[in-house]
Amino acid sequence: MSSTTADSQLTDWREHALKLESEINKVVVGQERPVRLITTAIFARGHVLLEGDVGVGKTTLLRAFTRGIGGGYERIEGTIDLMPNDLVYHTYLGEDGRPHVDAGPLLRCGESLAVFFFNEINRARPQVHSLLLRVMAERTLSAFNKEHYFPHMLVFADRNQVEKEETFDIPSAARDRFMMEIPIAVPSDPDIMESLIFNTRFHNADKLVENVQPDVLHYDKLNSIAVNLQDHVQASPTLRKYALELWLATRHPGQYGVKIDGVDINRLVLAGASPRGMSMMLRAARVNAWLNNRDAVLPEDIHTVFHETVAHRLVFSPVYEMRRTEIARELLSGIVNAVSAP
Amino acid sequence: MKKLFSNAKTPNAPGIPFLTFGLARRLGGLTGFIVMLVALASAPAFAEDGIAVDPRVSVKTIEPQRDVGYSVGDILERTIILEAKKPYVLLETSLPIAGNDKKRRGKGSGVEVRDVKLETTRGIDTTTYTLHLSYQVFTNNIVAKPANLPAEFVKFGGEGKNFQIRIPSWSFRISPLAVYGSVVVERDMSGFRGPLTLDATRHHQLLWVALGILAASLLGLLYVLGTSSWLPRMGGPFARAYRDLKKLPTTPEGLSHGVSRLHQAFNVTAGNSVFDRTAFLSRKPGFAPVGHEIDQFFGLSRTVFFEPTAPHGIDGDAMAWLRKFCRRCRDCERGLK
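Chains A and B are the protein sequences, given in the same order. Number 463 marks the last residue of the first sequence (our numbering); no jumps. Number 384 marks the last residue of the second sequence (our numbering); no jumps.
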């Protein structure tokens with residue numbers, strides 16, 4: 122593909138991406154930043170962990186995106202008795218009185234699976250996490266003596282950080298597979314809050330999602346577009362050095378003069394961001410630059426995705442884990458303030 | 048002042064008392080006693096302390112100028128001139144001995160002979176001996192104390208016999224080192240005391256040297272506390288950046304260094320990394336007059352460091368613009384609009 126054609130294609134796709142964003146923002150109001158971040162993750166081909174309370178619109182948001190990008194959408198609820206095979210198949214007695222085996226949520230759509238939503242992932246057992254993490258990393262699954270591929274699949278999982286009963290903490294290795302952890306919060310704008318209560322169009326989520334224009338993107342073209350996009354958007358030596366400094370700062374924040382009230386900064390971080398994590402951060406930053414019609418990554422692009430791509434990867438001392446969300450936010454803000462570019 | 052002590056008026060009469068007592072025995076009674084009193088009253092040949100003056104040797108003394116205000120360690124000098132008729136000569140073995148402190152009732156007087164020098168001048172009929180005696184005071188007291196240079200006896204010999212001459216004592220007062228009791232200094236204006244001044248030249252020199260060092264140290268301290276600047280607000284981040292910018296060449300490398308240097312100034316001024324105008328102005332509203340230029344600067348930085356093809360909107364020489372912008376930031380930093 123020639124350079125001009127690729128540029129033109131990327132320009133077209135940017136318009137599609139922005140169109141998708143505007144479509145989503147029509148039905149999920151007050152969530153512009155999560156919408157932008159999910160769009161970024163879609164084009165960076167990264168899995169997303171959603172964090173938020175119940176009833177804030179996570180499922181509606183994902184269904185809206187699924188409608189916009191096309192392809193298959195599957196969902197499973199995380200429960201304490203969920204087993205890995207429940208994702209692959211389920212058995213039942215048919216009307217004919219004989220046992221039947223049907224494909225589970227992972228296999229039901231085949232290769233056209235575009236979005237797999239794992240609701241309340243932290244309620245599922247570690248065995249389930251294990252299967253899912255393999256599928257996320259390799260996008261393949263061995264079942265029924267056959268290798269199944271999910272080349273277009275993105276996993277969206279959500280967890281409720283408040284409830285701790287009957288939950289299993291997601292290990293750091295599992296968290297690291299997710300490109301982003303995006304907080305979904307209740308909109309703070311009083312007008313939007315009032316609208317969410319009184320506007321009848323928000324009462325029926327199915328009808329609401331139908332307002333999104335279907336197939337704004339073509340899910341089966343996203344992989345190739347993502348590759349072109351990553352090749353197209355450049356990172357200068359200064360920016361590379363800056364990203365490297367940020368990475369080092371996540372590992373040794375004390376050496377960069379970062380301070381957090383009530384926290385011994387030198388004992389806080391057990392493990393900083395992983396190489397995979399920093400790679401995902403830069404992929405997301407490139408997509409952000411592209412969405413902002415730029416051909417090069419700027420520090421602002423990194424800042425836009427820094428918290429969401431790095432915070433969930435950090436491993437803190439157990440004594441600080443209970444305040445993880447608050448400390449991670451302060452730590453990463455401190456790092457951005459401490460590291461200069463150039 | 049010279050004090051002369053002369054005994055020339057007194058005739059030698061060593062045998063007079065004995066003659067007088069002899070006559071009294073012969074005359075007997077009251078008459079003899081009256082004769083004795085008349086004889087005593089008309090005997091000027093006796094010295095004050097009862098030693099007769101000898102016509103063979105005349106004694107003159109030159110005493111110290113003042114007789115008060117001496118203290119321990121002070122040296123007093125007196126000169127004795129002895130004029131002896133020939134053939135009488137001074138026996139030098141009779142001279143005072145240096146280091147000798149005359150004792151009275153077994154107790155030292157505290158005035159010690161320090162040095163003895165003798166000069167001899169021979170004339171036709173007489174020989175003049177000039178004796179230089181110096182004494183050192185080795186005593187003190189908490190109040191003024193009377194003391195004296197002791198009487199000395201020197202011997203002469205001639206015509207087969209010896210005789211001795213008394214050099215009279217000389218009284219003076221030893222002053223205390225510290226004032227005892229309540230003294231009003233203004234009333235203690237004794238002309239004899241004399242000003243007691245010490246040579247303070249070296250101390251003055253040391254004082255000036257110390258003052259010089261102190262002044263230099265204070266200036267150095269001022270410079271350090273002023274973050275390497277001589278005047279308030281002189282050493283601000285933008286002021287220092289402007290000085291550095293003036294030294295940079297007008298080349299792409301120079302421009303890159305200049306933009307980086309200015310980024311440093313922004314970061315130091317804000318206290319954290321600065322990436323856009325809004326965050327910076329919220330912390331430092333004093334820079335609002337250059338808000339538009341700050342946008343242009345970040346645009347230039349983007350072109351230089353991140354996206355070479357991006358337009359920065361600066362016409363002409365970017366380095367010149369950067370210097371001008373930095374100077375304007377320096378003015379804002381100093382509170383000038």
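Glycine included, each C-beta is placed from N, C-alpha and C at the ideal position.
Using 7 angstroms as the cut-off, classify the Cβ of residue i as near or not near the heavy atoms of the ligand GDP, replying yes or no.
i	result
B/P355	Summarising the ligand content, the structure contains no ligands, and the ligand GDP is consequently not present.
Identify, in the order they occur along the chain, each residue of the same chain with its Cβ nearer than 7 angstroms to the Cβ of residue i, setting aside the five sequence neighbours on each side.
i	result
A/L419	A410
B/E95	Its pLDDT being 39, under 50, B/E95 is placed unreliably by the model, and the measurement read from it follows with that caveat. No residues qualify anywhere along the chain.
B/K331	T316 and A317
A/D207	G225
A/K342	none
B/E206	P134
A/R298	H168, L254, M257 and A258
B/G97	Residue placement at B/G97 is poorly supported in this model, since its pLDDT is 38, which falls under 50; the coordinates are not used for a value here.
B/R125	T108, I109, E110, P111, L180, L196 and W217
A/Y441	V384, L389 and I448
A/D217	none
A/M274	L234, A235, F237 and R260
When the distance is taken between beta carbons, is residue j closer than 8 angstroms to residue i?
i	j	result
A/H168	A/V236	no
B/E380	B/G282	no
B/L347	B/A335	no
B/N187	B/P223	yes
A/D202	A/E241	no
B/V184	B/G155	no
A/V330	A/R188	yes
A/T430	A/M402	yes
A/E172	A/I305	yes
A/G393	A/A459	no
A/L234	A/G193	yes
B/A401	B/C373	Summary: the structure shown does not reach residue 401 of chain B, with chain B confined to residues 48 through 384, and so no result is reported for it.
A/I291	A/P155	no
B/L424	B/F345	As shown, chain B starts at 48 and ends at 384. That puts residue 424 of chain B outside it, with no answer to give.
A/F238	A/L183	yes
B/D121	B/R220	no
Identify the residues that DSSP records as bridge partners of residue i: which are they?
i	result
A/Q355	A/A417
B/G205	B/K208
B/T175	B/E130 and B/T168
B/I109	B/T126
B/W217	B/L196
A/F238	A/R196 and A/F277
B/Y182	B/L123 and B/V160
A/D312	Bridge partners of A/D312: none, in fact.
B/R151	B/K154
A/V307	In the DSSP output, where bridge partners are listed per residue, A/V307 has none listed.
A/M301	A/V169
A/H433	Per DSSP, none; premise fails for A/H433.
A/P220	A/L214
Quick one: residues in its chain with C-beta nearer than 6 angstroms to the C-beta of residue i, no 5 flanking neighbours on either side, listed in chain order?
i	result
A/I346	W134
B/R72	Residue confidence is low: B/R72 scores 46 on pLDDT, short of 50, so the model does not pin down where it sits. Its coordinate-derived value is still stated next. Excluding sequence neighbours, B/R72 sits near nothing in its chain.
A/L317	F323
A/D312	none
A/A162	V169, M300 and M301
B/V321	F313, N314 and F327
Cβ closer than 7 angstroms: which chain A residues qualify as neighbours of residue i?
i	result
B/F344	Those do not exist, as B/F344 stays about 13 angstroms from chain A at its closest Cβ, beyond 7 angstroms.
B/R349	L419
B/S307	P463
List, in chain order, every chain A residue whose beta-carbon is nearer than 9 angstroms to that of residue i.
i	result
B/T356	D416 and A417
Among the residues of its own chain, which have a CB less than 8 angstroms from the CB of residue i, if the five just before and after it don't count?
i	result
B/V104	L129, E130, A131, K132, Y135, F203 and I212
B/A88	In this predicted model, B/A88 has a pLDDT of only 43, less than 50, meaning its place in the structure is not dependable; the value taken from the coordinates is given anyway. Hits under 8 angstroms: none found.
B/D148	G155, S156, G157, V158, E159, V160 and F185
A/P308	V150, G151, Q152, M314 and L317
A/L141	T160, F186, G189, I190, V337 and L338
A/P247	F289 and P292
A/L435	T371, V390, A392, G393, A394, A449 and L452
Given that residue i touches chain B, what residues does it touch there, using C-beta distances under 7 angstroms?
i	result
A/N458	N319 and S320
A/S461	H310, N314 and S320
Would you say residue i lies against chain D (beta-carbon separation less than 8 angstroms)?
i	result
A/T359	Considering every chain present, this structure includes no chain D. Its protein chains are A and B.
Name the chain B residues whose beta carbon is nearer than 8 angstroms to that of residue i?
i	result
A/P530	With chain A represented from 122 up to 463, any question about residue 530 of chain A goes unanswered, as that position is not in the structure.
So with CB distances below 8 angstroms, who are the chain A contacts of residue i?
i	result
B/S264	Simply none; closest approach about 32 angstroms.
Whole alpha helix (DSSP H) elements within the stretch 304 to 360 of chain B, 4-residue minimum = Listed in chain order, the complete alpha helix (DSSP H) runs (minimum 4 residues) inside the stretch 304 to 360 of chain B are 324 to 330 and 338 to 348.
inquiry  = Restricting to runs no shorter than 4 residues, where is the alpha helix (DSSP H) found entirely within the stretch 243 to 295 of chain B?
reply    = 248 to 272 and 284 to 294
ask   = Hey, which unbroken runs of the beta strand (DSSP E) at 3 residues or more fall wholly within the stretch 320 to 403 of chain A?
value = 390 to 392
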